[in-house]
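Peer 1: This is the structure I want to talk about, given as structure tokens.
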Amino acid sequence: MRAIISGAGVAGTILANALTHLGAQVDIIDSHANSVAGGYAFLLLDNGVQGLKLLGLWDSVTPLCIQIHTVRYFDADGSHLSDCALQESYIVSRLPFIRAMRHQQTVVQAKLTFDGDRMILPDDDITYDVVAGCEGARSPTRAWMNSGLSIFSVGSYELLGLLSPTESTVLRPHLAPGHMHKFLSSESATAIASQMQFKVYVWHASAISNVETLYKQNVVLFGDAAHQFHPFSSQGVNGAIDDIVEFVQLLQAHDNDVATVGPIYSQRRLDATKPVVAEGLVFASKFKSFPSNTWMHVQAPIIESPPSTQLMEPLRMAPLEVLRERAFNYRWATVPKGVIPLTAADPDFACSDRVVEFLQNKVATKVFPYAPAMGLDEFRQAIAGHFSHHRVVSPDQVLAANSAASVVMNYLVGPNDAILIPDPVDFLIPLTAQRTNARVIRFPVTRSGLDLAVLEAYYDPSVKFLAICNPHNPLGFVYSAHDLHALVGWASARSFTLISDEVWADTVADKASFHSMLTFYPNTWTVYGLSKGFALAGFRIGAILAPSAAEARALADHGGFVSTVEGVSSLSQMAAVGALRHGLAWNQAFVTHCQTAMAFVAQALTRTGCFDAVAPQGTFLVWAKMTAALPLSAEDVVRRLAVEALVSVVPGWR
């Protein structure tokens with residue numbers, strides 16, 4: 001096997017040694033062949049150390065390493081927060097490390113060039129089995145391989161003190177006011193401040209998005225060229241070593257067949273590193289970064305992978321190329337490449353593997369007849385069981401429906417009927433009511449949830465219907481059992497018919513805390529869907545739970561379900577059955593992820609002083625109220641985010 005490596009830094013030189021040990025002939029090129037610049041030192045953590053041992057390189061590195069036994073954390077006032085003991089972690093000066101890795105290797109000054117989809121090698125007369133892109137954070141090979149790549153800044157950071165065990169980078173004793181002596185009253189700070197000279201290290205940290213593959217043709221990416229870990233993750237070098245170990249072991253298992261190894265390597269490393277990249281970015285927000293003049297969090301990163309238990313199924317991001325092709329309704333397929341859509345609420349995670357397997361088994365029968373007018377028995381039983389946690393619901397009360405809110409409104413509400421509807425609320429509720437020519441009365445709601453005094457203020461005797469949304473879209477509150485009891489007392493005294501939109505019911509993390517309105521008030525029509533909690537929006541599957549079996553049959557007849565004018569695909573119904581039978585572990589993992597992510601987003605937005613945001617109890621929406629510190633309209637904010645940050649959001653309600 002013959003290989004060419006572009007980039008003679010840490011990743012490139014380690015890879016060269018590893019491939020040479022496999023018996024490969026290796027050429028190394030670098031646009032700056034004689035330079036080893038790029039940083040002072042780095043950490044070798046346990047995974048990096050074990051990787052070097054597996055590659056047979058640890059013995060040549062050991063003399064360069066100083067072991068770190070303890071990490072100490074301090075807050076902005078210099079108070080000691082905690083200590084962290086490290087098992088096998090070392091600090092290594094970058095220059096000696098690269099020199100050791102380059103021992104007996106020749107680096108040629110050259111670079112890869114690109115012409116459209118074609119890569120141009122420095123010597124066209126040589127055929128290489130593998131081309132390795134190891135050029136670092138600004139890798140041209142990565143950009144060629146991933147056309148939708150975006151690079152964005154995540155802050156500028158200044159390292160105030162640098163100490164080397166052998167060649168001490170010494171610091172000025174009189175540090176600038178407001179710097180280290182203010183924030184760090186520790187032994188390390190004292191040691192640094194006692195030095196006689198001053199030197200700082202500033203780096204402008206960046207991150208990348210839309211990296212879809214680490215392999216193309218016979219070209220493979222490694223290290224920072226593959227996944228740009230934030231400096232605070234301490235995984236730049238260690239992640240590169242993990243890359244190389246994975247690649248080498250795959251080569252050994254597949255007889256050096258790069259065509260077989262490449263796709264496997266790409267998927268495994270992308271899956272393994274995405275959570276680490278995300279946690280590095282979150283951890284960076286804990287530190288002070290220009291131009292911010294405030295200290296961020298001092299707690300540990302909040303976005304963590306959920307614990308691996310039988311109650312949770314692993315989450316997998318949907319392939320970006322598939323989202324760009326299929327995710328419409330203000331999502332990936334409708335925004336320019338490189339823009340991140342935080343718009344319509346539709347998960348970017350792939351559906352549960354167990355649900356997919358269940359559907360595949362149903363499709364394998366190759367039989368697709370009409371379904372019963374009111375829905376498959378399996379579907380109606382699954383929905384009824386899902387809503388019977390606090391009060392038994394009969395399958396006979398269930399109707400399979402697409403556009404369930406519209407079906408209910410058309411059946412219940414007639415011209416000039418008065419209906420109370422929250423403001424704000426999901427647009428489908430008032431829209432479907434308005435299409436019946438009803439008189440829509442909007443009453444204001446806040447994050448506090450139920451306020452009977454407000455309802456009473458907007459009530460008049462002509463009102464026959466009340467609509468609620470639980471969990472509430474977009475404010476995110478969830479009605480407690482106490483709230484629902486109080487609402488029942490108020491509604492029953494006025495003989496209301498209630499319409500309860502519970503499409504977001506499956507986004508509540510504590511399942512036992514969610515109560516359906518049907519549990520408390522018999523005259524309730526419940527609208528339910530599986531798009532939010534199970535990533536099944538494309539199946540367009542929902543259900544209506546009627547107050548009684550007779551009402552459900554009457555609704556089906558009125559809506560044209562009995563005459564087959566209306567109806568729901570049997571395959572869509574089976575998707576729902578699969579979700580409620582086999583997708584609950586996936587749902588719990590998804591909701592747990594959303595809860596931590598929303599808490600982080602709400603804290604980050606509020607920290608700016610320009611927004612007031614709280615993490616919701618249900619949904620996976622963050623409703624951010626603009627403060628007086630942001631003298632812009634909602635439309636201006638939306639436009640600037642789209643143009644300057646390449647993030648698409650939707651303006652809220654006034």
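In UniProt numbering, the protein residues as written are 1 to 654. Cβ coordinates follow ideal geometry from the N, Cα and C atoms, glycine included. Bear in mind that the values here come from a model prediction, so they are computed numbers and not experimental data.
(1) Using CA atoms only, rank isn't needed, just tell me which of D346, G12, V637 and V130 is closest to V108.
(2) Starting from R439, follow the beta strand (DSSP E) in both directions and report where the run begins and ends.
(3) State the DSSP-derived secondary structure class of H558, mapped to helix, strand or coil.
(4) Does the beta carbon of A404 sit closer than 8 Å to a beta carbon anywhere in chain D?
(5) Using 10 angstroms around the beta-carbon of T526, count the other beta-carbons present and answer buried if the total reaches 16, otherwise exposed.
(6) Using alpha carbons as the reference points, say which of N17, V10 and G9 lies closest to A3.
(7) Go through the segment 37-119 residue by residue and report every complete run of the alpha helix (DSSP H) that reaches 4 residues or more, in order.
(8) Using three-state DSSP, classify L431 as helix, strand or coil.
(9) Quick one: residues in its chain with C-beta nearer than 7 Å to the C-beta of G262, no 5 flanking neighbours on either side, listed in chain order?
(10) Determine the burial state of N146: buried for a count of at least 16 other Cβ atoms within 10 Å of its Cβ, exposed for fewer.
(11) Look at the alpha carbon of V339 and the alpha carbon of H593, and state the distance between them as a whole number of angstroms.
(12) Quick one: residues in its chain with C-beta nearer than 6 Å to the C-beta of K337, no 5 flanking neighbours on either side, listed in chain order?
(13) Starting from the Cα of F561, find the closest Cα among V61, Y411 and Q104 and give me that residue.
(14) Below 8 Å on the Cβ atoms is my contact criterion, and I expect M626 with N256 to pass it. Report the Cβ-Cβ distance as a whole number of Å.
(15) Exposed or buried, L518, counting other C-beta atoms within 10 Å across all chains shown (16 or more means buried)?
(16) If you drop the 5 nearest sequence neighbours on each side, which residues of the same chain put their C-beta closer than 6 Å to that of F114?
(17) Is A350 near A318, with beta carbons less than 8 Å apart?
(18) Expressed to the nearest angstrom, what Euclidean distance is found between the alpha-carbon atoms of A613 and W623?
(19) N473: buried (16+ other C-beta within 10 angstroms of its C-beta) or exposed?
(20) Between the Cα of C610 and the Cα atoms of P631, N218, L86 and A384, which residue gives the shortest distance?
(21) Can you grab the Cα-Cα spacing for the pair A327 / A493, in whole Å?
(22) Who are the Cβ neighbours of P347 in its own chain at under 7 Å, not counting the five residues just before and after it?
(23) Looking at the structure shown, is G414 part of a helix, part of a strand, or coil, going by DSSP?
(24) For L121, list the residues DSSP reports as bridge partners.
(25) Quick check on DSSP: helix, strand or coil for T564?
(26) Look at the alpha carbon of G116 and the alpha carbon of T141, and state the distance between them as a whole number of angstroms.
(27) Are the CB atoms of S209 and S139 within a distance shorter than 8 Å?
(28) Using C-beta distances below 7 Å, list every residue in its chain close to P444, excluding the 5 sequence neighbours before and after it, in chain order.
(29) How long is the line joining the alpha carbons of V649 and E321, rounded to whole angstroms?
(30) Between A599, K53 and H386, which lies nearest to E502 when the distance is taken from Cα to Cα?
(31) Taking the beta strand (DSSP E) that L545 belongs to, which residues open and close that run?
(32) I need the DSSP call for R583, collapsed to helix, strand or coil.
(33) Assuming V258 and D377 are in contact, meaning their beta carbons sit under 8 Å apart, how far apart are those beta carbons, in whole angstroms?
(34) In its own chain, which residues sit with a C-beta less than 6 Å from the C-beta of A404, not counting the 5 before and 5 after it?
(35) Measure the Cβ-Cβ separation of A226 and D242 and say whether it is below 8 Å.
(36) Can you give me the start and stop residues for the beta strand (DSSP E) that K366 sits inside?
Peer 2: Reading it off the structure:
(1) Out of D346, G12, V637 and V130, G12 has the C-alpha closest to the C-alpha of V108.
(2) Start and end: R439 to P444.
(3) Here H558 sits in helix by DSSP.
(4) Protein chains in the displayed structure number just one, and chain D is not present.
(5) Taking all protein chains shown into account, T526 has 16 or more neighbouring C-beta atoms within 10 Å of its C-beta and is therefore buried.
(6) From the listed residues N17, V10 and G9, the smallest Cα separation to A3 is found for N17.
(7) Scanning the segment 37-119 for uninterrupted alpha helix (DSSP H) segments of 4 residues or longer gives 46-54, 58-61 and 94-101, listed from N- to C-terminal end.
(8) In the structure shown, L431 falls within a helical segment according to DSSP collapsed to helix, strand and coil.
(9) In the same chain as G262, and ignoring 5 residues on each side of it, the C-beta atoms closer than 7 Å to its own belong to Y215 and V220, in chain order.
(10) So N146 counts as buried.
(11) Rounded to the nearest whole angstrom, the C-alpha separation of V339 and H593 is 22 Å.
(12) Contacts found: G148.
(13) Residue Y411 is the option with its Cα nearest to F561.
(14) By a beta-carbon distance limit of 8 Å, M626 does not contact N256. Their separation comes to about 58 Å.
(15) Looking at its Cβ environment, which holds 16 or more other Cβ atoms inside 10 Å, L518 is buried.
(16) Closer than 6 Å at the Cβ level, and outside the excluded window around F114, lie W144.
(17) A contact, by the Cβ cut-off of 8 Å.
(18) Whole-angstrom Cα-Cα distance: 6 Å.
(19) Burial call: buried.
(20) The shortest C-alpha separation from C610 is found at P631.
(21) Taking the straight line from one Cα to the other gives about 45 Å.
(22) Once the five neighbours on either side are set aside, the close Cβ partners of P347 are A535 and F590.
(23) Coil.
(24) Note: L121 sits in no beta bridge, so no partner.
(25) Coil.
(26) Rounded to whole angstroms, the gap between the alpha carbons of G116 and T141 is 12 Å.
(27) No. Outside cutoff.
(28) Within the same chain, Cβ atoms closer than 7 Å to the Cβ of P444 are found at D423 and V454, the five residues on either side in sequence being excluded.
(29) Our two residues, V649 and E321, have alpha carbons roughly 21 Å apart in a direct line.
(30) When each option's Cα is compared against that of E502, the closest is H386.
(31) Note, L545: beta strand (DSSP E), G542 to L545.
(32) Contrary to the premise, residue 583 reads as Gly rather than Arg in this sequence. DSSP places G583 in coil when its eight states are reduced to three.
(33) Actually they do not touch by this definition, with Cβ atoms about 52 Å apart.
(34) The beta carbon of A404 is closer than 6 Å to those of V527, G542 and I544 in its chain, skipping five residues each way along the sequence.
(35) Taking 8 Å as the Cβ cut-off, A226 and D242 do not qualify as a contacting pair.
(36) Per DSSP, K366 belongs to no beta strand (DSSP E) and is neither H nor E.
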